[in-house]
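If you read the sequences in order, they're chains V and Y.
According to our numbering, the first sequence is numbered sequentially starting from 1.
According to our numbering, the second sequence is numbered sequentially starting from 1001.
For every residue, glycine included, the Cβ atom is placed at its ideal position computed from N, Cα and C.
From a predicted model like this one, the values you see are computed outputs, not experimental measurements.
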Amino acid sequence: EAGVAQSPRYKIIEKRQSVAFWCNPISGHATLYWYQQILGQGPKLLIQFQNNGVVDDSQLPKDRFSAERLKGVDSTLKIQPAKLEDSAVYLCASSPTQGADGYTFGSGTRLTVV
Amino acid sequence: KQEVTQIPAALSVPEGENLVLNCSFTDSAIYNLQWFRQDPGKGLTSLLLIQSSQREQTSGRLNASLDKSSGRSTLYIAASQPGDSATYLCADSTDSWGKLQFGAGTQVVVTP
């Protein structure tokens, strides 16, 4: 079974620029999550999708972050404009249904904002 | 607001010793609790998932216990090996939707 695919692996941008991350979950997984992991901290949920609908985006900084999941499969997370404090690893995860069972994480995208 | 704490932040043991990793959470009304392993530059791998109705889960050399009344979970790794070196994170879920609240992790080094 193929895992959760994320790209790019690394990205360096200047502050105020925009950036986009892509995630392809495990085939058939209805639930998709984006987490932000700042160095030395545990991951924090940014947004959760159930199929192509948003379940939870309460911790997403909506003035600069946006995410979509077209057709309930792939997802993109965008930051515009980026700030220095957005430097982190952005992790995508998926699970077969809602709930914590069967969580599979991708390898993440490491973003550095300079 | 649920808070998850892991102490210590780092741990070093010689090969063969048993590892004991601690996790505490402030809200005892959890739905489940999960332990993950994270290797440098990689994503998280789920090790054990304990439902709120369970007291423990075991897989090979790993055993995780859950005590909701005291707000604690412990991960035991028997007879540690250098390959067990990684960061271990615990995370709980307080509803059925699957959102996880993570601790900051314990970085483990097992020396040969």
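Item to complete: Check whether the Cβ atoms of residue 1064 of chain Y and residue 1057 of chain Y sit closer than 7 Å, and answer yes or no.
Response: Indexing the second sequence from 1 puts residue 1064 of chain Y at position 64. Indexing the second sequence from 1 puts residue 1057 of chain Y at position 57. Against a cut-off of 7 Å, the Cβ pair of residue 1057 of chain Y and residue 1064 of chain Y comes out as a contact.
Report the rounded CA-to-CA distance for residue 1009 of chain Y versus residue 59 of chain V, giving the unit in angstroms. Working through the second sequence from its first residue, we reach residue 1009 of chain Y at position 9. Working through the first sequence from its first residue, we reach residue 59 of chain V at position 59. Going from the Cα of residue 1009 of chain Y to the Cα of residue 59 of chain V covers about 25 Å.
Within a Cβ cutoff of 7 Å, which residues of the same chain sit near residue 1016 of chain Y, ignoring the five residues on either side of it in sequence? For the purposes of this step, residue 1016 of chain Y is taken as residue 16 along the second sequence, with counting starting at 1. Correct list, in chain order: 1079, 1080.
_Restricting to runs no shorter than 3 residues, where is the beta strand (DSSP E) found entirely within the segment 34-88 of chain V?_
44-50, 53-56, 65-68, 75-79
Note to self: Shorter than 6 Å, the distance from the beta carbon of residue 34 of chain V to the closest heavy atom of the ligand MN, or not?
What the structure shows: Within the structure as shown, the ligand MN is missing, as the structure has no ligands at all.
At least one CB of chain Y closer than 7 Å to the CB of residue 66 of chain V: is that the case? Position 66 of the first sequence, counted from the first residue, corresponds to residue 66 of chain V. It does not: the Cβ of residue 66 of chain V has no partner Cβ on chain Y nearer than 7 Å.
*Which chain V residues are close to residue 1032 of chain Y, counting only those with a beta carbon under 9 Å from its beta carbon?*
Taking the second sequence and counting its residues from 1, the one referred to as residue 1032 of chain Y is at position 32. 99, 100, 101, listed in chain order.
Please report whether the beta-carbon of residue 56 of chain V lies at a distance below 7 Å from any beta-carbon of chain Y. By one-based count along the first sequence, residue 56 of chain V stands at place 56. Yes, contact with chain Y.
Going along chain V, which residues have a C-beta under 7 Å from residue 1042 of chain Y? Taking the second sequence and counting its residues from 1, the one referred to as residue 1042 of chain Y is at position 42. Those are 107, listed as they occur along chain V.
**Q.** Cross-strand partners of residue 1067 of chain Y (DSSP beta bridge)
**A.** Position 67 of the second sequence, counted from the start, is the residue given in the question as residue 1067 of chain Y. In the DSSP output, where bridge partners are listed per residue, residue 1067 of chain Y has Y:1072.
| Sorted by chain position, which residues of the same chain lie with C-beta nearer than 7 Å to residue 1085 of chain Y's C-beta, five sequence neighbours on each side aside? | Translated into the one-based positions of the second sequence, residue 1085 of chain Y becomes position 85. Correct list, in chain order: 1108, 1109, 1110.
Tell me which residues of the segment 32-47 of chain V have at least one Cβ-Cβ distance to chain Y shorter than 7 Å, keeping chain order.
40, 41, 42, 43, 45
Review point. What does residue 1096 of chain Y touch in chain V if you count any residue whose Cβ is under 7 Å from its own?
Key: Here residue 1096 of chain Y refers to the residue found at position 96 of the second sequence. What residue 1096 of chain Y touches in chain V: 98, 99.
*Taking the continuous beta strand (DSSP E) assigned at residue 1114 of chain Y, which residues delimit it?*
This structure cannot speak to residue 1114 of chain Y, because chain Y is shown only from 1001 to 1112.
State the start and end residues of the unbroken beta strand (DSSP E) segment that holds residue 113 of chain V. Position 113 of the first sequence holds residue 113 of chain V. Its beta strand (DSSP E) spans residues 109-113.
For residue 22 of chain V and residue 6 of chain V, which I take to be in contact (beta-carbon distance under 8 Å), what is that distance rounded to the nearest angstrom?
In the first sequence, the residue the question calls residue 22 of chain V occupies position 22. In the first sequence, the residue the question calls residue 6 of chain V occupies position 6. The Cβ separation is near 7 Å, so the contact holds.
Exercise for the section: Compare the beta carbon distance of residue 1103 of chain Y and residue 1004 of chain Y with 7 Å and say whether it is the shorter of the two. Expected result: For the purposes of this step, residue 1103 of chain Y is taken as residue 103 along the second sequence, with counting starting at 1. For the purposes of this step, residue 1004 of chain Y is taken as residue 4 along the second sequence, with counting starting at 1. Yes, the Cβ-Cβ distance between residue 1103 of chain Y and residue 1004 of chain Y is below 7 Å.
* Taking three-plus beta-carbon pairs below 8 Å as touching, is the segment 1030-1048 of chain Y in contact with the segment 98-107 of chain V? -> yes
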